[in-house]
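Report on one structure; see the data block that follows.
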Ligand SMILES: Nc1ncnc2c1ncn2[C@@H]1O[C@H](COP(=O)(O)OP(=O)(O)OP(=O)(O)O)[C@@H](O)[C@H]1O
Ligand SMILES: Nc1ncnc2c1ncn2[C@@H]1O[C@H](COP(=O)(O)OP(=O)(O)OP(=O)(O)O)[C@@H](O)[C@H]1O
Ligand SMILES: [Mg+2]
Ligand SMILES: [Mg+2]
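Residue numbers (my numbering), protein chains in the order written: chain A, 1 to 326; chain B, 1 to 350; chain C, 1 to 350; chain D, 1 to 494.
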């Protein structure tokens, strides 16, 4: 093992020796204390982030996971990081409510010698995290846009509606940007855009208004499958089915709809809810000076960007087992 | 000697003056009418102005009857909660917990439905569970406030936090989808072309109006909010009545839970988030004084409709949420200004 | 003329004439002291109980000085806002907009800093911009409330919505990162081992205490909140003063914006979300009456510390968020109960 | 009732008081402000529970844990503080707590009809039952409260200073009703500070002093007034109205009102007051006298006319301008318009002058308290503790706070609206003397009072007001009570 938190510099011994086998990684090492702080779990995907993180913590006998109260307040989250630093935890896994706002606190933790694993929302400084694991919000929008382009093939007066999540979050902006970029590649653009709040009721409320504002729609992208339950309820209540819909995040509910084949929901773009669990696993390896199994580089990589596949009736069976219950 | 109470009036009374009921009732009716219109003229104007804007900017898409129903449907759930809130506020209190009680009720109700899934009567069980949870939470609020003498703001804030937490624990943060088609069909059915959701709202509003204006319960509510000490001295059981007010608000939250279950086909702990603010805003825009003692159900209904119409007009015009927010702020102020100007002495002279 | 009458007076009276000033003043000092401790005894107990729980469950991790500083740092930003809120509430109003004004101020300030980036004086410009934005929003609130006679709840609700929207538009929904190291270094420096953030809180709280208890401004505030009409008839410029109160709250929101900028090194429209509720809760737990006319800065500071400590104890104990929420609800009620019991007549008898 | 004791946080309001009321009698309770009269009757009405003592009702010991319990026994009460709800109509207020209803549904028509009957009995058949009480004057609120007491099927009606806000016509009506009640065997407990009223309707008297009864069940006839005053105050009070000091011929005009009108309330009011002069406004309740004072003071914005004081014309509708010009107003409703009930006495006293005790905005509270304490002593406020909250004072003492306020502020024009409402004989003489002394010192005073006798006794010049118009201006020694009433009657009829 190497020193935790050092850069992935030169290795002294042969690459093959450095390689951790899966068994070595699985074996219990020194017990490490990992602090986890994320946004308020007021939403299915974030709930899944939380529960998978806790499950990951439980699955390692040598990890003592400390979970702070989920919050959407940068001030409070900073305080949680400070508490972790004070307590001298061995690593911190941080899904910041706002990446930029938590950068300073994370940098201080790093300066105090505690490796920080940044999940999902990126810090504004490279010195604030030892490792970063990201979903790809922009890519998610691109995937959804590309799918719609393909489905509508050349219908350039198509009416496309977008039901965004919480509009004040940078991640919503990234998704919308990716979506718009992909659409413009095939000559389309968003005709009607509304923003909900990642809740069922919010999805229902804005969708019923949207459907009234747009009497003919060809395609809808809904950013989030949690609010999607409400979106679908509104669509059913209005008795509309002249369009198809693409979801986002990849909840089990959404996948069951896709599987059923008679829903307007045709596809969804996965946004992995296992990021924080991955973060915990990485934090453990970093704290114990190990690397990921099957990698030759002797330390955990700096940056991991997770795959955001599109799920359709074709591949839903493969993915449904990994889906989260929203 | 206490039995004789309902004769109340002492003997001398009926003799000399024999009041004629007829002219009096005429006077009453007229003053009520002019009062009701006068008091709500500002609100009517604000709503009319919004409709004009909607009609001009979105034309037929806005004015067609289906869209009007969309607006009223949107208003109906907050509307039901706002009726309960009106009572609490007129009674001199505040209830911050209605939104999260509604969330809790929706979760418990769907869980109960899943438990009782085998039975035939499932969906009535679900409905009663939702109402019961709302009522119980309301009673608890009322008890803590009336008998524990905890300030209403804090007591219901505590309930807000706790009910949301409890809902999350029970639901395990998952959205429970209802698969009882009878219920969904019933809630999505319509009567005379009007949705069930809207009917419920109308019934609750009318019941609320009668309760406030035509019953002892309503008059006592006004008395307690207007002058608590005078109410007590008049022999009203102030604490018990206060408890009932919160129970009533809880009940409306339970009804709202049933409505949102029908509308979204799912129960989740996030249902009702921030509804308390919307409801309070609607009640206050409707001219009910936050300090209690004065307010109307009609005003509240207007308040709810104004906010729902505003949202619809924005959506029809495809405005960004940020621009909507700025416009909404300005419109709120204008609506309140209009309402206060036309309500005449409503605002205390300064 | 007064000579002959004083025999009539009650037992306390010492001689036939002239009560001596000395015992009177002694009595005053004593009563003030006992008043201050008495009024806050419940809060002190609640805080002590929380500390005991923290110490027992988390031991040294909780009680060490660094953790205490973590708690106070957490409290400091809400604390500053709560001081402004205390004035508004004592003056008989409410300000729902402080959180979003804080967000707006943080955005405008960072944008101004980026604009003025070339200059040397940049960070002072940024600080002044934040304060100016807070002050301006506060004045606007106050103007609409005092002169437009819009109910404070609605006027500041409108500002809440509008300021957040404006902040989003200006920031283009992106988080603006501050790269001025002088500012960040200054805000992260410490004096005598105490962080700048905490110093600011202490200074604002002390200034607030003096302003409320030792100046004509404070006296007017209490008078207006206690009886607006009496204050007006006594010749106090009620409207102007009301406007100042909201300006003051806006100013504290501006200060809070500077603090959050220092703490997060970033300005974003989401800063301060729901801080208004936290601030109101802290003020009310601290014993300030929501109807106005009575309240203390000391109580507010205790209120803020209680909530911050609660959060810290929860974090230290690794509780699930939902369980925390339920526990928080219960603890709020207990804290208010304690506070009210010990404040004695604080609660109006029913 | 016997041996009733009650104390509030350190104040022993009642120390073993006895009271015995016979059916069909009018039992008067006398006592100075703060003697415990209201507290005593509140224990009888179930609003306070006594710390000790027993209440015996028709031969049985009873407990009265709540107002409801007292009402059920047949005890109805008109409280000293106006206990009506502004947001409800007249009829709703009258039947509050015992609404006429079937299964919870109100019978509004019936309630309105009965209300009209009750109001008719009180000589106020013209008051519409469906009018909101918030829009009524204090006097009319008192009528409502009286009608409420009558609406119960009672054996005993308690009236705590019912005549304080009524003018002489109204008081006559009240007495007529009281006589009807007693004729029907109903007992009345009557509290007042106007001794002449006791002579008119009282049967027996109980006197309280400092929370003890100093006399029980004295017959009214056969007890001279001076004896009553001695029982109440422990000393003699003579010569209620002090002699006027003649005004110097060259005394400058301190306040000049010209063509003042307020739409729909009063019109074309004009008069001037010289330094050292006392002007009285006489008239019936609702004639608009309070509004005249408030408009002069800027608390209401005049629709036309001018007010000059301190050598300049005042801005319309600006209280601050009036205060700066040296005008002070002691308002009619002291609780809602005058006092910060939760604040200590001294801060109430300095409410309009505290900035004088500040340097650079910082208050010198010691000096402030000292100055307030001087006035508290001078006015014999009880208790003389400047730190006691105003809420805990008896009504008369609260009134004194308002006077003290303007004494501290050294105003040169004092507008006094009902300055002796609810003030006891002793203190009343005290206040009269004080007003006189102020005038002698060169202050101009305008007094509004519903007691014509008071206006005549106190003022140099009397303005008779009816229906918002000044009917006449006369020297007070050229007119008597009947003269004023005649004028008012004619003026109102015209
Ligand atoms: N709620 C209260 N809290 C504290 N002290 C009180 C309270 N109510 C009355 N007191 C005190 O009790 C004493 C008796 O008051 P009470 O109102 O009975 O006098 P009163 O005889 O009715 O006087 P007035 O003629 O002025 O109405 C006074 O010293 C008063 O300050
Ligand atoms: N807030 C109000 N709203 C409507 N009318 C009012 C209001 N206040 C007073 N009035 C009316 O204005 C007129 C003058 O009333 P006011 O009581 O001031 O006269 P007053 O001569 O001072 O009598 P009082 O002896 O009761 O003080 C009355 O007709 C009264 O009903
Ligand atoms: Mg009294
Ligand atoms: Mg008057």
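We put the CB at the ideal spot given by N, CA and C, even for glycine.
| Query | Result |
| --- | --- |
| Establish whether the CB of residue 189 of chain C and some CB of chain A are separated by less than 8 Å. | no |
| Can you give, in chain order, each stretch of the alpha helix (DSSP H) that sits fully within the segment 316-356 of chain D and has at least 4 residues? | 319-324 and 345-349 |
| Name, please, each residue of chain A whose Cβ falls closer than 8 Å to the Cβ of residue 180 of chain B. | Chain A residues near residue 180 of chain B: none, gap ~14 Å exceeds 8 Å. |
| Select from A:211, A:292, A:272 and A:261 the residue whose C-alpha is nearest the C-alpha of residue 139 of chain A. | A:272 |
| So that I know if they touch, is there some Cβ in chain B lying closer than 8 Å to that of residue 105 of chain D? | yes |
| If you measure beta-carbon to beta-carbon, which residues of the segment 66-79 of chain A are closer than 8 Å to chain C? | 66, 67, 68, 69, 70, 72, 73, 74, 75, 76, 78 and 79 |
| Taking any Cβ of chain C, which residues in the segment 87-104 of chain A have a Cβ under 8 Å from it, in chain order? | 87, 97, 98, 99, 100, 101, 102, 103 and 104 |
| Residues of chain C with CB under 7 Å from residue 354 of chain D, in chain order? | 216 and 219 |
| Name, in chain order, the residues that DSSP records as bridge partners for residue 495 of chain D. | Chain D is shown from 1 up to 494; residue 495 of chain D falls before or after that span and cannot be answered. |
| Can you find a heavy atom of ligand 1 that lies under 7 Å from the Cβ of residue 41 of chain B? | no |
| Quick check on the DSSP output: the alpha helix (DSSP H) that includes residue 244 of chain C runs from which residue to which? | 238-264 |
| Check whether the Cβ atoms of residue 87 of chain D and residue 215 of chain B lie closer than 8 Å to each other. | no |
| Mind listing the chain B neighbours of residue 84 of chain D? Cutoff is C-beta to C-beta under 8 Å, in chain order. | 227 and 230 |
| Suppose only complete runs of 3+ residues qualify. What are the beta strand (DSSP E) ranges in the segment 441-467 of chain D, listed by chain order? | 444-448 and 461-466 |
| Where does residue 94 of chain C fall in DSSP's three states? | coil |
| Would you check whether ligand 1 has a heavy atom nearer than 7 Å to the C-beta of residue 167 of chain A? | no |
| Could you say if the segment 171-183 of chain C and the segment 262-279 of chain C meet the contact criterion of at least three C-beta pairs nearer than 8 Å? | yes |
| What are the uninterrupted segments assigned as alpha helix (DSSP H) that are 4 or more residues long and contained completely in the segment 133-183 of chain A, given in chain order? | 137-152 |
| Closer than 7 Å to a non-hydrogen atom of ligand 1 - does that hold for the CB of residue 328 of chain C? | no |
| When the Cβ atoms of the segment 111-127 of chain D are set against those of the segment 251-261 of chain B, are three or more pairs found closer than 8 Å? | no |
| Taking its Cβ as the centre, do 16 or more other Cβ atoms sit within 10 Å of residue 283 of chain C, making it buried, or is it exposed? | buried |
| Compute the minimum distance between the beta carbon of residue 206 of chain D and the heavy atoms of ligand 1, and state whether it is under 7 Å. | no |
| Can you tell me whether residue 52 of chain B sits near ligand 1, meaning its C-beta is under 7 Å from at least one heavy atom of the ligand? | no |
| My output table needs one value for residue 61 of chain D: the three-state DSSP class, helix, strand or coil. | strand |
| Evaluate contact between the segment 58-67 of chain C and the segment 229-239 of chain C, counting only Cβ atoms and requiring at least three cross-stretch pairs below 8 Å. | no |
| Consult DSSP for residue 506 of chain D and reduce its assignment to one of helix, strand or coil. | Outside the shown range of chain D, which is 1 to 494, sits residue 506 of chain D, and nothing can be said about it. |
| Below 8 Å on C-beta distance, what does residue 266 of chain A contact in chain B? | By Cβ distance, chain B contributes nothing, its closest Cβ being about 19 Å from residue 266 of chain A, past 8 Å. |
| Using a Cβ cut-off of 8 Å, pull out every chain B residue sitting near residue 208 of chain D, in sequence order please. | Those within 8 Å of residue 208 of chain D in chain B number zero; the least Cβ separation is about 21 Å. |
| Restricting to Cα atoms, I'd like to know which of C:227, C:331 and C:198 is closest to residue 79 of chain C. | C:198 |
| Buried or exposed for residue 52 of chain C, please, with buried defined as at least 16 other CB atoms from any protein chain shown within 10 angstroms of its CB. | exposed |
| Could you name the residues of the same chain whose beta carbon sits closer than 7 Å to that of residue 32 of chain B, not counting the 5 residues immediately before and after it, in chain order? | In this prediction, residue 32 of chain B scores a pLDDT of 46, lower than 50, which makes its location untrustworthy; the coordinate-derived value is nonetheless stated afterwards. Around residue 32 of chain B: no qualifying Cβ. |
| Assign residue 313 of chain D to buried or exposed, taking buried as 16 or more other Cβ atoms, counted over all protein chains shown, within 10 Å of its Cβ. | exposed |
| Using a Cβ cut-off of 7 Å, which residues of the segment 130-164 of chain C contact any Cβ in chain B, in chain order? | 144, 148, 149, 150, 151, 153, 154, 155, 157, 158, 159, 161, 162 and 164 |
| Would residue 54 of chain A pass as a contact of residue 38 of chain A if the rule is Cβ separation under 8 Å? | no |
| Which residues in chain B sit within 8 Å of residue 285 of chain C, going by Cβ to Cβ distance? | 154 |
| Does the beta-carbon of residue 80 of chain D, which I'm using as the reference point, lie nearer than 7 Å to any heavy atom of ligand 1? | yes |
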